[in-house]
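Q: Just add 1187 to the spot in the sequence shown (first one is 1) and you have our numbering.
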Amino acid sequence: MDKYLLPQPIDRTTYDGTFRFQSPKLIYEGKDERVLAAARRLLDAFSGGDTAGTLKIAHENLSCEAYTLCINADGVDIRADCAAGAFYALQTLTQLLMQGKDLSFLEIHDRPQFVHRGLYHDVTRGRIPTLKTLMELADTCALYKINSIQLYVEHSFDFKEYRQINQGQQPLTAQEIRAFDRYCRERFIELIPSLSCFGHLYNLLQSDQYRHLCELENYLPTHHLWRERMAHHTIDASNPESFSLITSLLDQYLPLFETRFFNICCDETFDLCKGRNAGKDSGALYLSFVTKLIDYLESKGKTVMLWGDIVLKHMDLLPKFPKHAILLNWDYAARPSFEKIQCFERAGCRQIVCPGVSGWSRLSENMPVSENNIRKMAAYGKLCGAYGLLNTNWGDYGHLSDPETVMFGILLGAAEAWNPGAVAPDNFDRAVETLYYQNDDGRLIRAMRLMSTNQIFKESFRCYCAFTAGEPFCLDNREHMSAWQNDCETAAALIQAVLAGGSCRQESVQALLYAAQGYTLLAGGLLLADSGKTDAAWAPAFQRWRDAYAARWKQKNKADELPIVLEFFDTFARAVQNDP
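1) Which runs of the alpha helix (DSSP H) fall wholly inside the segment 1356-1407 and span at least 4 residues, in chain order?
2) Which whole-angstrom value describes the C-beta separation of residue 1711 and residue 1672, a residue pair presumed to lie in contact below a C-beta threshold of 8 angstroms?
3) How about residue 1470 and residue 1504: do their beta carbons lie closer than 8 angstroms?
4) Using a threshold of 8 angstroms, state whether the C-beta atoms of residue 1479 and residue 1523 are closer than that.
5) Do three or more CB pairs link the segment 1318-1327 to the segment 1277-1284 at distances below 8 angstroms?
6) Any contact of the segment 1718-1725 with the segment 1364-1383, i.e. 3+ C-beta pairs under 8 angstroms?
7) Does residue 1626 pass the burial test, meaning 16 or more other C-beta atoms within 10 Å, or should it be called exposed?
8) Could you tell me the alpha carbon to alpha carbon distance between residue 1221 and residue 1359, rounded to whole angstroms?
9) Taking the straight line between their C-alpha atoms, what separation do you get for residue 1453 and residue 1555?
10) Restricting to Cα atoms, I'd like to know which of 1586, 1207, 1372, 1436 is closest to residue 1291.
11) Please state whether DSSP places residue 1319 in a helix, a strand or coil.
12) Residue 1273 and residue 1296 look like a contact to me (Cβ under 8 angstroms); what is the Cβ gap, rounded to whole Å?
13) Are the CB atoms of residue 1728 and residue 1753 nearer to each other than 8 angstroms?
14) Pull up the CB-CB distance for residue 1225 and residue 1193, whole angstroms please, since I reckon it's below 8 angstroms.
15) Go ahead and pull the three-state DSSP assignment for residue 1224.
16) Which partner residues does residue 1494 have in the DSSP bridge list?
17) Apart from the five residues just before and just after residue 1305, which ones in its own chain have a Cβ nearer than 6 angstroms to its Cβ?
18) Thinking just about the alpha-carbon of each residue, which of 1745, 1497, 1405, 1451 is nearest to the one in residue 1472?
19) Can you say whether residue 1423 is buried or exposed, counting buried as having 16 or more other CB atoms within 10 angstroms of its CB?
20) Closest to residue 1432 by CA distance: which of 1690, 1400, 1684 is it?
21) How far does the beta strand (DSSP E) with residue 1540 in it extend, from its first residue to its last?
22) Given this structure, state the Cα-to-Cα distance separating residue 1436 from residue 1520, to the nearest angstrom.
23) Take residue 1743 and list the residues in its own chain whose beta-carbon comes closer than 6 angstroms to its own, dropping the five residues that flank it on each side.
24) So, helix, strand or coil for residue 1291, using DSSP?
25) Determine the DSSP secondary structure at residue 1243, reduced to helix, strand or coil.
26) For the putative contact between residue 1561 and residue 1542, defined by C-beta atoms under 8 angstroms, what is the C-beta separation to the nearest angstrom?
27) Roughly how many whole angstroms lie between the Cα atoms of residue 1549 and residue 1228?
28) To test your reading of the DSSP string, which unbroken beta strand (DSSP E) runs of 3 or more residues are found completely within the segment 1254-1278?
29) So, with DSSP's three-state summary, where would you put residue 1574?
30) When you compare the segment 1212-1219 with the segment 1243-1259, are there three or more beta-carbon pairs, one atom per stretch, that lie closer than 8 angstroms?
31) Nearest to residue 1665 by alpha carbon, out of 1257, 1718, 1691, 1685?
32) Residue range of the alpha helix (DSSP H) that residue 1212 falls in?
33) With 16 other CB atoms within 10 Å as the buried threshold, where does residue 1343 fall?
34) For the putative contact between residue 1544 and residue 1491, defined by C-beta atoms under 8 angstroms, what is the C-beta separation to the nearest angstrom?
35) Sort out for me which residues DSSP pairs residue 1340 with in a bridge.
36) Should residue 1700 be counted as a contact of the ligand FMN given a C-beta to heavy atom distance under 7 angstroms?
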């Protein structure tokens, strides 16, 4: 049987015969050190035994990322239109070798369908990864042919304006960003800066120094921190000081990146013209402020990206909107709107379609939502001539989900961005489990699907709000929650069996186990709270899980806002035990 490949190549033909990859002689007919370094990494990882055959690599200097990969009795021959194409051919070869050194004779002709194939990763709402963790993420993106990464930043970079506000926290530093930018570029990935420049400025606009620039005058937070982060913190677009403040942030961030792109975000400006600018035309004020930001960045040679949700609400402004800007058209529903994508196509706007992995507000990915969403958004983008696909991994409510638990959606985004609709769901499931989790019997995918439901967020967050407000609480559907608890117990048992086998990618599978165990305990806690009963075993089991979760977090991320996440868990545990 043919070995799995993600993304699925455009054309693959297999012939009789095999080539045993041992220690082939490397022949590189090119001048890009990044390709040579990738070839050497591959040989270091998979060489062993007598020298046999060759690994030949040659490429032109064109813009197309197409490549041809041939395997025959003489070895491996790679021909590409550009250095990036040669690099992607090496990633295809890497995936084949991950499944065994006996390579079937074959010929692959491949090229991407979208120019821009990105991953958008939230590093603001809870998790701020270490540099090592970011580099591991880049390695994964490169292996599956993702060519851009954006890190969502509000206060999580060491801006001078935030130093008094963020005392005691551990933001990303200029040194870390520069190092990550270099690491990405060596793997043909553009690291694109993404900075909140209009809405979503909670930490800044709640500070004593900048509170006067908040659109809502004298606003006092009314919700838990995670909810506040996503609402009511839009900057006063009519105040010249606001523009000066944002351009100061831009000037500090711009020099750290080599890319020509910059994402100014400018989404969800919920409060615009509902406070200091009440009575003004919100569309006109939005356009004015955004246009000034775009002009400022274009004067520095940058191509601007921004989220398109506000523009969609003011379609009459499109004729006046800066033509060179790229609109990021997001929709995270299981049934996304084709009309939203068509709107920008009809207006002649450059757009990137943006699906999501649906891992926010949860411990793991909601697969029924993410797979439908990503596949449909890729198809819509292809039909409407989108410039690319940017797959999002948001961190709403503390970024509870470990990135290892949303890899299904991340890899599906990679596959669909390269070759939309090419891989059938069953084949994709097996490919993810085999290639990424390094397990080939289907148990992990089954476990991940058992865990996938919207119910836990709906119930647990409502439970949390009720408990902290001292309000009564009851479940809408005890039978549903009990059945889901059983499903998560089954999922945990399946994952533990895979871990016990020892042949899987242990660290990644362990993260799945924490999610399954956490869901089981959360569901059990909700059932106990609803019934008013007690269970002496629940509290110590929950504490052990909570401590293991925290230890895993600290291994991969800066501690930073972990205490706030743990406060959520601890409040929940006290409420379950009726311990104020």
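Where is the CB? At the ideal position from N, CA and C, for every residue including glycine. Just so we're clear, the structure is a prediction, and the values are computed from it rather than from any experiment.
A: Reading it off the structure:
1) Complete alpha helix (DSSP H) runs here, min 4: 1361-1372, 1389-1392.
2) Yes, they are in contact, since the Cβ atoms of residue 1711 and residue 1672 sit about 6 angstroms apart, within 8 angstroms.
3) Yes, Cβ-Cβ distance for residue 1470 and residue 1504 is below 8 angstroms.
4) No, the pair does not count as a contact, with Cβ atoms beyond the cut-off.
5) Under the Cβ criterion (8 angstroms, minimum of three pairs), the segment 1318-1327 does not count as touching the segment 1277-1284.
6) No, the segment 1718-1725 is not in contact with the segment 1364-1383.
7) Buried, by the Cβ-count rule.
8) The alpha-carbon separation between residue 1221 and residue 1359 amounts to approximately 26 angstroms.
9) One alpha carbon belongs to residue 1453, the other to residue 1555, and they sit about 29 angstroms apart.
10) Its Cα nearest to that of residue 1291, the residue 1207 stands out among 1586, 1207, 1372, 1436.
11) Correct three-state label for residue 1319: helix.
12) Contact doesn't hold; Cβ gap of about 14 angstroms is too wide.
13) No Cβ-Cβ contact shorter than 8 angstroms links residue 1728 with residue 1753.
14) Rounded to whole angstroms, the Cβ separation of residue 1225 and residue 1193 is 18 angstroms, and the two are not in contact under 8 angstroms.
15) In the structure shown, residue 1224 falls within a helical segment according to DSSP collapsed to helix, strand and coil.
16) Residue 1494 is bridged by DSSP to 1515.
17) Cβ within range, chain order: 1335, 1577.
18) Comparing Cα-Cα distances from residue 1472 to each of 1745, 1497, 1405, 1451, the minimum goes to 1497.
19) Residue 1423 comes out buried.
20) When each option's Cα is compared against that of residue 1432, the closest is 1400.
21) Run containing residue 1540: 1537-1541, per the beta strand (DSSP E) assignment.
22) The C-alpha of residue 1436 lies about 33 angstroms from the C-alpha of residue 1520.
23) Excluding positions up to five away in sequence, the list reads 1320.
24) Assignment of residue 1291 by DSSP, reduced to helix, strand and coil, places it in the strand class.
25) Looking at residue 1243 - three-state DSSP - the assignment turns out to be strand.
26) Residue 1561 to residue 1542, Cβ: 4 angstroms. Contact.
27) The C-alpha of residue 1549 lies about 36 angstroms from the C-alpha of residue 1228.
28) Correct list: 1254-1259, 1262-1267.
29) In the structure shown, residue 1574 sits in coil (DSSP, three-state: anything other than H, G, I, E or B).
30) Contact holds: three or more Cβ-Cβ distances are below 8 angstroms.
31) When the alpha-carbon of residue 1665 is set against those of 1257, 1718, 1691, 1685, the nearest one is in 1718.
32) Per DSSP, residue 1212 lies in no alpha helix (DSSP H) segment; the continuous beta strand (DSSP E) that holds it begins and ends at 1212-1216.
33) Its Cβ being crowded by 16 or more others within 10 Å, residue 1343 is buried.
34) Contact between residue 1544 and residue 1491 does not hold, since their C-beta atoms are separated by about 25 angstroms, which reaches or exceeds 8 angstroms.
35) DSSP, once it has assigned bridges, lists 1382 as partnering residue 1340.
36) As for the ligand FMN, it is missing from this structure, which has no ligand bound.
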